[in-house]
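Chains as they are written, first to last, in our numbering: chain A, 4 to 314; chain B, 4 to 314. Below you'll find the structure, written out as structure tokens, and then a few comments.
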């Protein structure tokens with residue numbers, strides 16, 4: 004069984020441009036799906052975050068960044084196919100770019116925004132990583148700036164920390180390392196393919212995080228689910244507890260619940276994506292994948308992806 | 004530039020066996036090359052480790068593990084092609100396997116042992132990961148047991164922590180997270196392919212770590228190199244400082260130095276692998292790869308690999 008490598012990865016080789024006054028680099032960040040969470044706020048943004056569990060996916064964000072010297076700091080960010088101002092990325096990059104530089108960033112997202120795929124975190128982190136490569140800063144600088152921007156705009160609390168860990172992850176202590184502590188849930192070799200489906204309209208994370216009742220119920224249910232997951236840290240239990248969380252907090256719409264219950268009949272593990280009107284399901288083979296896709300295609304657009312770099 | 008995915012990875016799908024009394028799982032760990040290091044000992048093994056920097060490589064270790072109920076704890080480990088008793092793996096697994104279970108582990112190593120590729124850590128960690136999957140334990144349990152065994156036998160101090168981070172890494176604070184703090188050095192897209200060459204006979208890590216003078220000089224040179232790398236955390240600087248370390252500590256043999264100097268003439272970044280009689284070089288394109296291979300093939304066996312899962 005050991006003879007052939009079960010994973011392969013390689014990178015496209017891109018040469019740096021010849022002109023030394025103009026530098027560019029690329030960054031990638033996986034996407035991140037949250038199964039359940041409990042918000043946690045502190046004055047220090049690096050200690051702010053969430054308890055909870057989630058999974059990193061190969062569908063993520065790609066950034067292409069150019070930096071030039073300029074009279075004053077100037078930050079231009081364009082997210083392909085997204086009209087809104089990319090204020091999270093701009094805020095994060097402001098903390099990285101010196102005053103005499105101009106940065107031009109293009110970000111491409113593999114998944115829609117405000118549907119729980121962590122695209123705000125992934126887009127911002129990918130741009131920060133590319134900038135840090137050029138400016139000879141560290142990975143932790145990119146991580147900190149992306150997390151601080153996410154917390155500032157309430158677009159996410161645990162996505163950047165989850166992305167840091169990779170794979171299926173549990174956030175044991177909120178925040179960014181070294182303050183936050185993140186552990187991985189080990190997955191079996193057939194637990195790496197996920198089917199994703201966007202079912203309803205966009206769900207703004209900040210609208211939920213701004214509602215005290217919703218926050219209260221997330222804290223209660225999220226902490227309980229994390230306790231149960233720590234006692235039995237398996238992928239199946241992660242899905243089971245995520246569904247428990249979706250029901251207990253009342254965040255799942257009628258349609259979301261209906262779709263998940265249909266998937267449970269196949270049976271495959273499935274739950275709601277927090278915070279989005281979306282569903283994710285675990286498929287172990289082609290047959291399951293086909294059946295899940297058949298069920299979900301009547302609800303919305305369906306995509307398959309792999310778990311990103313989990314052990 | 005964003006249209007096509009620069010990285011791909013997927014896993015082979017392996018189904019669990021039908022018989023529920025018999026469980027098996029697979030584990031993988033990348034290998035790890037240390038560029039420079041400063042040993043650091045504490046009574047607590049989880050706080051013991053090293054300051055330093057290194058890089059994770061796609062050539063690693065694969066484990067296939069079966070667990071059955073038994074009258075008493077029994078641990079059988081077989082490392083393919085290695086005759087010596089795999090005492091590091093056995094020690095690590097003893098901390099994971101309950102008394103009424105028998106474990107049978109087969110480990111395959113992609114690289115030779117005692118040559119600085121972190122094969123002791125990778126082999127042990129891959130087996131621990133596979134066992135943790137079956138016993139529903141967490142990634143951090145695997146990490147802790149593998150690190151403790153490595154420290155116990157002095158086969159490595161920073162490999163497990165380095166593997167945890169992935170990519171090019173800097174160990175800012177020794178030990179395993181959450182005690183140890185590891186940061187990543189961001190690499191450019193063309194800084195992912197490495198050429199490795201084993202030049203001399205095996206170098207037992209514990210022989211160097213058991214020599215007080217050698218330890219003293221590693222501490223002095225290692226801490227200085229880390230300070231310089233933190234000031235400019237780039238891949239090129241990592242190679243430069245690694246070579247400085249190899250020279251200052253006197254660990255590089257005449258032959259190793261000669262090979263590295265020849266590589267610097269190409270020019271490509273290259274240094275000695277700690278602790279092995281081996282050399283690693285960074286190649287950015289086919290032409291450089293061919294020239295590096297041509298130079299090194301007169302010294303020993305040459306392999307190419309990619310950086311493992313670095314951002």
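We put the beta carbon where it would ideally sit given N, CA and C, even for glycine.
Within chain A, the C-beta atoms nearer than 9 Å to that of residue 141 of chain B come from 173, 186, 187, 188, 189, 233, 236, in chain order. Per DSSP, residue 278 of chain A lies in no beta strand (DSSP E) segment and is marked neither H nor E. CA-to-CA, the gap between residue 217 of chain A and residue 73 of chain B works out to about 49 Å.
Taking residue 62 of chain A as the centre and dropping the five residues before and after it, the same chain places the C-beta of 34, 113, 114, 308 closer than 6 Å to its C-beta, in chain order. Excluding sequence positions up to five before and after residue 109 of chain A, its CB lies within less than 6 Å of the CB of 67, 81, all in the same chain and listed in chain order. Shown here, residue 107 of chain A sits in a strand according to DSSP, grouped into three states.
At a cut-off of 8 Å between beta-carbon atoms, residue 296 of chain B makes no contact with chain A. At least 8 Å separates the beta-carbon of residue 103 of chain A from that of residue 79 of chain A.
With 16 or more other Cβ atoms inside 10 Å of its own Cβ, residue 243 of chain B counts as buried. With a threshold of 8 Å between beta carbons, residue 312 of chain B makes contact with chain A.
Against chain B, the beta carbon of residue 260 of chain A has no neighbour under 7 Å; the closest one sits roughly 28 Å away. In terms of beta-carbon proximity, residue 82 of chain A stays away from the interface with chain B, with every pair separated by 8 Å or more.
Under the Cβ distance rule, residue 228 of chain B does not count among the residues neighbouring chain A, no pair being separated by less than 8 Å.
Linking residue 53 of chain B to residue 228 of chain B through their CA atoms gives a straight-line distance of about 13 Å. Within chain A, the residues whose beta carbon sits less than 7 Å from that of residue 135 of chain B are 189, listed in sequence order.
The three-state secondary structure of residue 285 of chain A, taken from DSSP, is strand.
When Cβ-Cβ separations below 8 Å define contact, residue 181 of chain A makes contact with chain B. Per DSSP, reduced to three states, the secondary structure at residue 172 of chain A is strand. The C-beta of residue 132 of chain A comes closer than 8 Å to at least one C-beta of chain B. At a cut-off of 4 residues, the continuous stretches assigned as alpha helix (DSSP H) that sit fully inside the segment 205-263 of chain B are 208-212, 215-234, 238-251. The three-state reading of DSSP puts residue 312 of chain A in coil, since its state is none of H, G, I, E or B.
Under a 10 Å Cβ-count criterion, residue 304 of chain A is classified as exposed, with fewer than 16 other Cβ atoms of the shown protein chains found around its own Cβ. The Cβ neighbour count for residue 192 of chain A, taken over all protein chains shown within 10 Å, is at least 16; the residue is labelled buried. Residue environment analysis places residue 75 of chain A among the exposed positions, since fewer than 16 neighbouring C-beta atoms fall within 10 angstroms of its C-beta. Our two residues, residue 235 of chain A and residue 30 of chain A, have alpha carbons roughly 35 Å apart in a direct line.
In the three-state scheme derived from DSSP, where H, G and I count as helix and E and B as strand, residue 136 of chain A is classed as helix.
In this structure residue 219 of chain A is exposed. Its beta-carbon is surrounded by fewer than 16 other beta-carbon atoms within 10 angstroms.
Look at the beta carbons and you see the segment 38-58 of chain B not touching the segment 94-103 of chain B: under three pairs across the two are nearer than 8 Å.
Apart from the 5 residues on each side of it in sequence, residue 89 of chain A sits with its Cβ closer than 6 Å to the Cβ of 80, 82 in its chain, given in chain order. With respect to the C-alpha of residue 117 of chain A, the residue from A:291, A:174, A:279 having the closest C-alpha is A:279.
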